[in-house]
DNA sequence: GTCTATATGTGGATAGAC
DNA sequence: GTCTATCCACATATAGAC
């Protein structure tokens, strides 16, 4: 009969511990690279024995999965910039916010957008969060104009390409992401041209 | 006095053995992922003992470095499509050839274009080959129009973005790379607009 | 050059005591 | 939940026989 309330604060403590583990795991991943993350390191930094981690995550991949979910969740929590009726202005604002978020933690971006860890594949639940984050980012554009899936795919490729190049070839710099405004002008032009050539499609 | 000719066929045999190791290493990387490559597996598949590999490569990273060099070399060996005076046609042809090459071995593309292996950084010699391959791919465009570094950066981001999305989200499919023609039209439009707005810059 | 044998250090993961 | 002890696979490296 006492199980419910007891379980509550136990679950709370457990969740707090899990969150702390995820926080430190993120730190270590930023320091040693995503694949360089080791459970021994993680446990040492947390002041616990390595096997104790298995009380909170059933495997290293489960830990990656939780980091994956949490990462997309931060994007979902990102407030959308003020809506603007002008397509170019709206595109620029959303994209700038996204790029800032991506560059603020390149390792997180790598985990979320590339399949680089051999055995890891996000669980269906984690993938669902990623999907919601995607729709969250696309919502302002959808509200402004009619876009096809192809239009959105081209946008994600363009923005993702700039971010990838920046992270891979000049971490910390602005050579590629400095082209975001140009890229968005280009893309807005494209959208308008499509709207006039295929209005009945 | 016999050293020179003797050294010749010895060096030949040695090079043949190195090439065979690289070939099988590529196979294994495609099967188990780049980071999943193990020297024990590699030696087993080659029918030799693991320590024997050290006669050909002084470390695992040296092996990655050779794979890196060889990978860029295949791009350098890629014949450029017939030159065409029309910008859009030329862009489409070059890009199609590049995309085909990239998708024909996604793991190679990952090794060449992302820093995903913790300890590995290409040697200066390997990096020089990568640079030459880059110029090789850009040469047809350069021959046709005056382009700034920013123009080329936008192109690499756009094409690389399509390839990355394809590999990460739908390996084996065509959802993103099917947009290459659209993307090149978009980019050609951009180049022409730039040429007319900043002719004196 | 290539093998066997061996050694160290790292990693994920499990069993079982407390 | 947490610990110690342990297992297995791996990278790296060396010694010594053939």
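Residue numbers (our numbering), protein chains in the order written: chain A, 1 to 201; chain B, 202 to 402. Just so you know, even glycine gets a beta-carbon here, dropped at the ideal spot from N, CA and C.
7 Å Cβ cut-off: residues of chain A touching residue i
| i | result |
| --- | --- |
| residue 316 of chain B | 168 |
| residue 177 of chain B | As displayed, chain B neither begins before 202 nor continues past 402, which places residue 177 of chain B out of reach and without an answer. |
| residue 376 of chain B | 153 |
| residue 280 of chain B | Simply none; closest approach about 26 Å. |
| residue 387 of chain B | 186, 190 |
| residue 384 of chain B | 154 |
Neighbourhood of residue i by C-beta, 6 Å cutoff - its chain only, sequence neighbours within 5 removed
| i | result |
| --- | --- |
| residue 285 of chain B | 291 |
| residue 204 of chain B | Low confidence applies to residue 204 of chain B: its pLDDT is 41, below 50, so where it sits in the model is not reliable, and the reading given next is rough at best. No residues qualify anywhere along the chain. |
| residue 209 of chain B | none |
| residue 18 of chain A | 56 |
| residue 308 of chain B | 230, 231, 235 |
Other residues of its chain near residue i: CB distance less than 7 Å, five sequence neighbours each side excluded
| i | result |
| --- | --- |
| residue 98 of chain A | 137, 159 |
| residue 252 of chain B | none |
| residue 271 of chain B | 223 |
| residue 397 of chain B | none |
| residue 201 of chain A | The predicted model places residue 201 of chain A with a pLDDT of 44, which falls under 50 and marks its position as unreliable; any figure quoted below should be read in that light. For residue 201 of chain A, where only same-chain residues beyond five positions count, there are no Cβ hits under 7 Å. |
Beta-carbon neighbours of residue i, restricted to chain B and to distances below 7 Å
| i | result |
| --- | --- |
| residue 156 of chain A | 366 |
| residue 150 of chain A | 380 |
| residue 118 of chain A | 233, 234, 236, 237 |
| residue 162 of chain A | 358 |
Beta-carbon contacts of residue i that lie in its chain and below 8 Å, excluding the five residues immediately before and after
| i | result |
| --- | --- |
| residue 88 of chain A | 184, 185, 188 |
| residue 222 of chain B | 243, 247, 254, 257, 258, 264 |
| residue 110 of chain A | 34, 116, 167 |
| residue 165 of chain B | A query on residue 165 of chain B cannot be resolved here, the shown segment of chain B reaching from 202 to 402 and no further. |
| residue 180 of chain A | 92, 95, 96, 99, 159, 162 |
Chain-ordered neighbours of residue i on chain A, where CB pairs are closer than 9 Å
| i | result |
| --- | --- |
| residue 272 of chain B | The contacting residues do not exist; residue 272 of chain B stays about 15 Å from chain A at best. |
- So does the region 345-365 of chain B actually touch the region 159-168 of chain A, counting three or more Cβ pairs closer than 8 Å? yes
- Message: Report the start-end ranges of each alpha helix (DSSP H) in the region 299-376 of chain B that is 4 residues or longer and not cut off at the edges.
- Response: Runs found: 307-314, 325-345, 350-370.
- Residues from the region 96-114 of chain A in contact with chain B, defined by Cβ distance under 8 Å: 110, 113, 114
- Message: Measuring CB atoms only, is the region 145-156 of chain A touching the region 327-337 of chain B, in the sense that at least three cross pairs come out at less than 8 Å?
- Response: no
- Are at least three pairs of beta-carbons, each pair with one atom in the region 163-181 of chain A and one in the region 103-113 of chain A, less than 8 Å apart? yes
- Contained beta strand (DSSP E) runs [length at least 3] in the region 228-263 of chain B, N- to C-terminal order: none
- Query: Going along the chain, which residues of the region 224-245 of chain B sit with their C-beta nearer than 9 Å to a C-beta in chain A?
  - Reply: 233, 234, 235, 236, 237
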